[in-house]
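Read in order, the letters of the sequence shown correspond to residues 233 to 584 in the working numbering.
Yeah, the Cβ is synthetic: ideal placement off N, Cα and C, and Gly gets one too.
Given the structure is predicted, the values throughout are model-derived calculations rather than measurements.
Worksheet: the structure to be examined is printed underneath.
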Amino acid sequence: MNMFFPRPSLHSLLVVVCFGNFAFGVARLPRDEVQTLADIAKTLGKTNWDFSGDADPCNNQKPWTDTNPAEGFEYGVTCNCAFASSTVCHITSIVMKAQDLPGTLPKEMARLRYLEEIDLTRNYLSGTIPPEWGSLSLVNISLLGNRLTGPIPKELGDINTLKHLDISMNNFSGELPRELGNLTLIESMLLNSNNFTGELPDTFGNLTTLKDFRVGDSHFSGQIPDFIKNWTNLEKLLIQASGLTGPIPSGISLLTKLTDLRITDLSEPEAHFPPLENMKGMKTLILRSCNITGQLPPYLRNMKNLKTLDLSFNNLTGEIPSRFVALAEVKYIFLTGNLLTGPVPTWTKKDV
């Protein structure tokens with residue numbers, strides 16, 4: 233018997249191919265990553281993620297991601313779905329800001345090999361930073377405003393991709409590990425408001441990509457290190473009530489990109505005003521209670537972008553120079569607690 237099968241048309245072939253892509257080409261998160269995310273949620277105390285059925289944390293919908301969050305309360309799981317010809321997703325970011333999370337930091341994060349960002353800002357998390365995180369290729373870690381304790385694991389120094397580290401406003405303690413000096417791509421390191429002790433490691437002199445460094449409100453010891461002169465890309469430096477002592481090293485003159493300099497509460501010895509004349513872009517200059525002696529340096533009048541000047545509680549002497557009329561547009565000037573003499577200039581808008 234002769235059988236006849238009609239040759240399929242080009243149109244019918246296209247329909248089959250398109251249907252196949254629609255049915256079988258949808259990018260999905262591997263089941264092992266879904267399970268890892270479930271383990272992470274349990275450790276964090278995240279209770280509103282539903283892992284029943286065919287859960288898809290990469291769908292950019294609630295409860296996985298808030299599509300219209302209030303500022304400071306952002307949360308969500310971000311995925312890269314470009315793997316295996318756009319058929320496989322991997323988690324690249326976990327953000328949980330101000331979600332009242334009561335748990336601990338999950339070591340299970342280390343199983344997410346494509347993870348680049350961990351942001352758990354302003355929660356109630358306790359415990360320590362898992363050393364397992366050191367195996368990841370993270371770019372951003374933010375643990376600001378939790379109840380975390382213990383020393384910083386030296387393994388964080390293995391994350392040579394890290395650009396932003398914010399662990400401020402916690403209860404971390406101990407000395408900073410020298411290995412953090414291996415973070416040669418780091419741009420911001422915010423360590424303020426903790427219970428750190430010891431000196432700043434000399435390996436920090438290697439952190440030449442730093443733009444923002446903060447160590448205020450801690451219990452460090454030793455002088456402000458001279459190696460800060462290596463941080464020539466620095467834009468913001470905060471050393472307020474850090475436990476470090478003076479004087480401010482003269483090498484600070486090399487940090488010409490500084491726009492925000494805040495150093496306070498330095499114990500003896502006394503020192504002259506630091507050389508800041510090359511910092512023409514300075515906007516905030518706070519050198520309060522730093523045992524600075526001598527007269528006000530003339531170069532202050534050349535800081536045309538200055539908005540806040542606080543030199544209070546030092547041992548400054550002499551008069552306020554008449555040429556300082558150039559500072560008339562500075563919004564806040566504080567000179568109280570010094571040994572200044574002469575009349576208050578008429579150009580001042582507020583009590584000085």
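Nonlocal neighbours in the same chain, by C-beta distance under 7 Å from residue i, ignoring five residues either side
i: Asp298; result: Glu306, Tyr307 and Gly308
i: Lys395; result: Val371, Asn372, Leu417, Ile418 and Glu419
i: Pro363; result: Pro385 and Glu387
i: Gly277; result: Leu333, Pro334 and Gly335
Residue burial classification, residue i (beta-carbon count within 10 angstroms, cutoff 16)
i: Ala273; result: buried
i: Gln472; result: buried
i: Gly574; result: exposed
i: Gly475; result: buried
i: Asn292; result: exposed
i: Val576; result: exposed
i: Asn234; result: Because the pLDDT at Asn234 is just 43, under 50, the model does not fix this residue reliably, and the value given afterwards should be weighed accordingly. Asn234 should be labelled exposed.
i: Trp296; result: buried
i: Gly267; result: First, the residue type needs correcting, since residue 267 is Gln and not Gly in the sequence shown. Exposed is the call here.
i: Val562; result: buried
i: Ser400; result: buried
i: Gly454; result: exposed
i: Ser482; result: exposed
i: Thr279; result: exposed
i: Thr447; result: In the sequence on display, residue 447 carries Val and not Thr. Looking at its Cβ environment, which holds 16 or more other Cβ atoms inside 10 Å, Val447 is buried.
i: Arg263; result: exposed
i: Asn392; result: exposed
i: Thr578; result: exposed
i: Glu340; result: buried
i: Ser374; result: buried
i: Asp497; result: buried
i: Asp351; result: buried
i: Thr440; result: exposed
i: Pro530; result: exposed
i: Glu303; result: exposed
Contacts around residue i, its chain only, beta-carbon distance under 8 Å, and the 5 residues preceding and following it disregarded
i: Glu500; result: Thr477, Gly478 and Asn523
i: Thr435; result: Arg410, Glu411, Leu412, Gly413 and Asn414
i: Phe428; result: Phe404, Ser405, Gly406, Glu407, Leu408, Val447, Ser450, His451 and Phe452
Assigned secondary structure, residue i (DSSP; H/G/I helix, E/B strand, else coil)
i: Lys329; result: coil
i: Phe459; result: helix
i: Gly427; result: A small fix is needed here, since residue 427 is Asn in this sequence, not Gly. Strand.
i: Gln472; result: strand
i: Phe556; result: helix
i: Ser367; result: helix
i: Asn292; result: coil
i: Asp298; result: coil
i: Ser485; result: helix
i: Asn480; result: Here residue 480 turns out to be Ile, not Asn, going by the sequence shown. DSSP places Ile480 in coil when its eight states are reduced to three.
i: Tyr564; result: strand
i: Gly569; result: coil
i: Asn546; result: coil
i: Gly382; result: strand
i: Thr279; result: coil
Own chain, CB closer than 6 Å to residue i, minus 5 neighbours either side, in chain order
i: Asn570; result: Asn546 and Leu548
i: Leu543; result: Leu519 and Leu567
i: Pro383; result: Gly406
i: Phe283; result: Ala270
i: Asn402; result: Asn378, Leu380 and Asn426
i: Leu585; result: Since the first residue of the chain shown is 233 and the last is 584, residue 585 is not available in this structure.
i: Lys468; result: Asp444 and Asp492
Cross-strand partners of residue i (DSSP beta bridge)
i: Val320; result: Arg260 and Phe315
i: Leu576; result: A small correction: the amino acid at residue 576 is Val; Leu does not occupy that position in the sequence shown. Bridge partners of Val576: none, in fact.
i: Ser420; result: His396 and Asp444
i: Ser374; result: Asp351 and Asp398
i: His504; result: Thr525
i: Glu467; result: None, per the DSSP bridge assignment.
i: Arg494; result: Leu470 and Ile518
i: Tyr307; result: Met328
Problem - Inter-stretch contact at 8 Å, needing at least 3 Cβ pairs: the stretch 554-563 / the stretch 502-510 - result: no
Problem - Touching by the beta-carbon criterion (3+ pairs, under 8 Å), the stretch 455-471 and the stretch 482-502 - result: yes
Practice task
Could you tell me whether the stretch 375-390 touches the stretch 352-360, where touching means 3 or more Cβ pairs closer than 8 Å?
Solution key: yes
Practice task
Indicate whether the contact test is met: 3 or more Cβ pairs, each with one atom in the stretch 329-345 and one in the stretch 310-317, closer than 8 Å.
Solution key: no
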